[in-house]
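Numbering (our numbering), first residue to last: 1 to 170.
Written out as C-alpha cells, the structure reads:
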C-alpha cells in the first residue's frame with residue numbers, strides 16, 4: 001500500500017531484510033476502483049512479483065503517475081481468486097494505505113493475469129500471509145538493494161509450489 005516506493009531510479013527493487021522474491025508474472029493488468037484520482041486512474045500493465053512479505057507491481061509505462069505499488073499482506077482485505085469461464089483469471093481485493101505511503105484511504109484492486117499464474121499466486125499468497133512478519137523486517141532501516149533487472153525479467157516457469165511452501169515453513 002505504498003505508491004512509487006519500491007525501486008530506485010536505476011530500476012533496482014528495494015527488498016526488506018529477509019525478503020525473497022518467490023514468484024513472478026509478466027503481462028499483468030492492475031485496475032482500481034474506489035480511488036479515481038491521479039495515479040489510480042486507468043488500467044496499468046506491468047510485472048507482478050510475489051515475495052514472502054508482499055506483492056510488488058511494476059508498471060511498464062515509465063511516464064505514468066503510478067510506477068510501482070507495494071501490497072504488504074497485512075494491508076490486504078477481502079482477497080479473492082476469480083476464475084471466469086471466459087477470460088483470464090484474476091485476484092481482487094481491497095488495500096489500505098499506510099502512513100507515508102504516498103496516498104491515503106483504501107482502494108479496491110483487480111490483478112488480471114493475462115498469461116496465467118493467478119492460482120499459483122493465490123496459493124503462495126495464502127501461505128505467506130500465514131507467516132508473521134518480523135519486527136526487524138518491517139523496519140525501513142533494514143532495507144537493501146536487490147540486484148537490478150532488465151525488462152522483461154526471465155523467470156523459470158517450472159517452479160514447484162511445494163518447494164516454495166516448504167521453504168516458507170523454515
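From the three backbone atoms N, C-alpha and C, an ideal C-beta is built for every residue, glycine too.
All values derive from a computational prediction rather than experimental measurement.
For residue 73, the closest alpha carbon among the candidates 121, 103, 13 is that of 121. Three or more beta-carbon pairs separated by less than 8 Å link the stretch 57-73 to the stretch 31-49, which places the two stretches in contact.
With a contact defined as Cβ atoms closer than 8 Å, residue 20 and residue 51 qualify at about 6 Å. Closest in alpha carbon position to residue 55, among 41, 64, 76, 40, is 76. It is roughly 11 Å from the alpha-carbon of residue 95 to the alpha-carbon of residue 104.
In this structure residue 87 is exposed. Its beta-carbon is surrounded by fewer than 16 other beta-carbon atoms within 10 angstroms.
Straight through space, the alpha carbons of residue 65 and residue 127 are spaced by roughly 32 Å. In this structure the stretch 106-117 touches the stretch 26-39; the number of beta carbon pairs closer than 8 Å is three or more.
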